[in-house]
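Asks:
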Amino acid sequence: MIKQIFSDMDGTLLNDRGVISDMNIQTIKSCNIPFTLVSARSPIEMFDTIDVLGLTNTQIAFNGGLIYKRHGNSIDKISEDFLDSRVVENITLQMRQQFEDISLSLYTDEKWYTDKIDSGIKLETSLTFHEPEVVKYPEFFKNVDEDIYKIMFIANSISEMTTIIKALDDLHLTGVSIQQSGNNYLEITSDKAKKSAGIAYIQKLNHLEKSEMAAFGDGHNDIPMLKMTGTSIIMENATKEVKKYATHITKTNQQDGVSFGIMNFIK
1 MIKQIFSDMD
11 GTLLNDRGVI
21 SDMNIQTIKS
31 CNIPFTLVSA
41 RSPIEMFDTI
51 DVLGLTNTQI
61 AFNGGLIYKR
71 HGNSIDKISE
81 DFLDSRVVEN
91 ITLQMRQQFE
101 DISLSLYTDE
111 KWYTDKIDSG
121 IKLETSLTFH
131 EPEVVKYPEF
141 FKNVDEDIYK
151 IMFIANSISE
161 MTTIIKALDD
171 LHLTGVSIQQ
181 SGNNYLEITS
191 DKAKKSAGIA
201 YIQKLNHLEK
211 SEMAAFGDGH
221 NDIPMLKMTG
231 TSIIMENATK
241 EVKKYATHIT
251 KTNQQDGVSF
261 GIMNFIK
């Protein structure tokens with residue numbers, strides 16, 4: 001019997017407009033199984049979905065970099081793994097020097113920073129319903145005293161993404177995890193931040209067996225999570241590589257795939 005469900009958000013639980021459907025809401029609420037969001041998003045970008053689902057249990061942000069519970073308009077941190085401040089500054093300044101036009105964002109547990117509003121930032125705003133605070137590099141690093149959990153790049157094309165990945169590789173970075181999400185997003189977190197770490201925490205907390213956990217996902221960064229659970233339900237819109245880890249394939253994120261998966265594959 002499944003006693004805990006984990007779900008990615010973008011490309012999985014949410015549709016392509018960044019919204020959770022009424023059918024998904026209804027099914028999740030009526031199944032009476034604890035439900036945890038496991039996302040690359042920051043906590044504040046998860047709040048709307050947490051609220052509409054009425055979730056009060058543990059949630060996982062920044063690909064496992066922050067495990068927390070919602071507490072009003074703030075969070076109670078349970079576990080955190082943020083980036084080294086010197087590494088953040090090095091990546092940001094080096095990459096901005098090489099790529100003047102690329103979308104580059106920094107995330108704390110409560111804020112989203114960028115140095116310019118471009119098409120990538122506008123797209124992200126439309127999906128998360130949040131707007132960044134515009135700052136100037138390198139001045140930002142002289143004053144910031146907040147921990148940075150994620151650096152995010154948004155590429156305009158596959159070729160640009162390839163160039164970004166190559167440039168990051170040339171920096172010979174240590175202590176970081178670099179993961180691509182879809183064709184356009186590249187996210188850098190601590191190498192200790194893994195979705196599987198969040199799953200392991202909740203598994204231990206609630207004394208769960210692998211067979212008692214199910215997970216929904218669509219992206220490469222979901223694979224560690226999917227491997228941790230006995231039931232791995234993968235979206236039809238996922239890549240072939242991710243589908244290799246499926247015990248079940250459900251409908252797309254545009255077709256209420258999470259709802260369909262719960263009703264047909266979770267018992």
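For the sequence shown, position 191 (counting from the first letter as 1) is numbered 191 according to the working numbering, and the numbering increases by one without interruption.
Note that CB positions come from ideal geometry on N, CA and C, so glycine has one too.
In its own chain, which residues sit with a C-beta less than 8 Å from the C-beta of K267, not counting the 5 before and 5 after it?
Replies: Sequence index remark: in the sequence shown, residue 267 carries index 267 (1-based). Residues of the same chain with a CB within less than 8 Å of the CB of K267, apart from the 5 flanking positions on each side, are M1 and I2 in chain order.
Asks: Any idea if I234 is buried or exposed, counting beta-carbon neighbours within 10 angstroms, 16 or more meaning buried?
Replies: Stepping through the sequence shown from its first residue, residue 234 is reached at position 234. It is buried - the Cβ of I234 has at least 16 other Cβ atoms within 10 Å.
Asks: Under 8 Å, with one C-beta from each stretch per pair, do the stretch 197-217 and the stretch 58-74 reach the 3-pair mark?
Replies: yes
Asks: With a CB to CB cut of under 6 Å and the five nearest residues on each side skipped, what residues in its chain are close to L226?
Replies: For the purposes of this step, residue 226 is taken as residue 226 along the sequence shown, with counting starting at 1. Within the same chain, L226 has close Cβ partners A215, G217, S232 and Y245.
Asks: Indicate the three-state DSSP secondary structure (helix, strand or coil) for G268 in the structure shown.
Replies: Beyond the ends of the chain as shown, which are 1 and 267, falls residue 268; an answer cannot be given.
Asks: For E45, which three-state DSSP category applies?
Replies: Translated into the one-based positions of the sequence shown, residue 45 becomes position 45. Of the three classes helix, strand and coil, the one that applies to E45 here is helix, per DSSP.
Asks: To the nearest angstrom, how far is the alpha carbon of I117 from that of S126?
Replies: Looking up residue 117 in the sequence shown gives position 117. Looking up residue 126 in the sequence shown gives position 126. Cα to Cα, I117 sits roughly 13 Å from S126.
Asks: Alpha carbon to alpha carbon, how far is I33 from L93? Give it in angstroms, no decimals.
Replies: Locating residue 93 in the sequence shown gives position 93, where the first residue counts as 1. Locating residue 33 in the sequence shown gives position 33, where the first residue counts as 1. L93 and I33: Cα-Cα distance of roughly 45 Å.
Asks: Could you please give the first and the last residue of the uninterrupted beta strand (DSSP E) stretch that includes S190?
Replies: Start at 1 with the first residue of the sequence shown, and residue 190 comes out as number 190. Start and end: Y185 to S190.
Asks: Here's the rule: buried if 16 or more other CB atoms are within 10 angstroms of the residue's CB, otherwise exposed. What is L13?
Replies: As a first step, residue 13 is located in the sequence shown; it is residue number 13 there, counting from the start. By the C-beta density criterion, L13 is buried, having at least 16 other C-beta atoms within 10 angstroms.
Asks: What is the DSSP secondary structure of V242, reduced to helix, strand or coil?
Replies: Position 242 of the sequence shown, counted from the first residue, corresponds to residue 242. Helix.
Asks: Between which two residues does the alpha helix (DSSP H) containing L93 stretch?
Replies: Within the sequence shown, residue 93 is the residue found at index 93, counting from 1. That run of the alpha helix (DSSP H) goes S85 to Q98.
Asks: Taking C-alpha atoms, which residue in G11, G72, E241 and K122 lies nearest to L37?
Replies: Taking the first residue of the sequence shown as position 1, residue 37 is located at position 37. When only C-alpha atoms are compared, the closest one is G11.
Asks: I'd like to check one pair, D8 with D222: are the Cβ atoms closer than 8 Å?
Replies: Taking the first residue of the sequence shown as position 1, residue 222 is located at position 222. Taking the first residue of the sequence shown as position 1, residue 8 is located at position 8. Yes, the pair counts as a contact, with Cβ atoms nearer than the cut-off.
Asks: Report the residue from L171, N184 and C31 whose alpha carbon sits nearest the alpha carbon of L104.
Replies: Working through the sequence shown from its first residue, we reach residue 104 at position 104. With distances taken between Cα atoms, L104 lies closest to N184.
Asks: For G261, which residues from the same chain have a beta carbon less than 7 Å from its beta carbon, with the 5 sequence-adjacent residues on both sides left out?
Replies: By 1-based counting over the sequence shown, the position of residue 261 is 261. Within the same chain, G261 has close Cβ partners F216, I233, H248 and T250.
Asks: I'd like the span of the alpha helix (DSSP H) that includes S196, first residue to last.
Replies: Numbered from 1 along the sequence shown, position 196 holds the residue referred to as residue 196. Counting along the chain, the alpha helix (DSSP H) containing S196 begins and ends at K195 to L205.
Asks: If the criterion is Cβ atoms closer than 8 Å, does the pair E133 and T108 meet it?
Replies: Here residue 133 corresponds to residue number 133 of the sequence shown, with the count starting at 1. Here residue 108 corresponds to residue number 108 of the sequence shown, with the count starting at 1. Not closer than 8 Å, so no.
Asks: Enumerate in chain order the residues of its own chain whose CB-to-CB distance from N63 is below 6 Å, with the five nearest sequence positions on each side excluded.
Replies: For the purposes of this step, residue 63 is taken as the residue at position 63 of the sequence shown. Answer for N63: A40, T189, A193, K195 and N221, listed in chain order.
Asks: Drop a sphere of 10 angstroms on the beta-carbon of G65, count the other beta-carbons inside from all chains shown, and report buried for 16 or more, exposed for fewer.
Replies: If you number the sequence shown from 1, residue 65 lands on position 65. That one is buried.
Asks: Taking the alpha helix (DSSP H) that I262 falls in, what are its first and last residues?
Replies: Counting from one through the sequence shown, the residue named residue 262 turns up at place 262. I262 -> alpha helix (DSSP H) spans G257 to F265.
Asks: Compute the beta-carbon to beta-carbon distance between V258 and V176, rounded to the nearest angstrom, for a pair I have assumed lies under 8 Å.
Replies: Position 258 of the sequence shown, counting from 1, holds the residue named residue 258. Position 176 of the sequence shown, counting from 1, holds the residue named residue 176. Incorrect: roughly 30 Å between the Cβ atoms, too far for contact.
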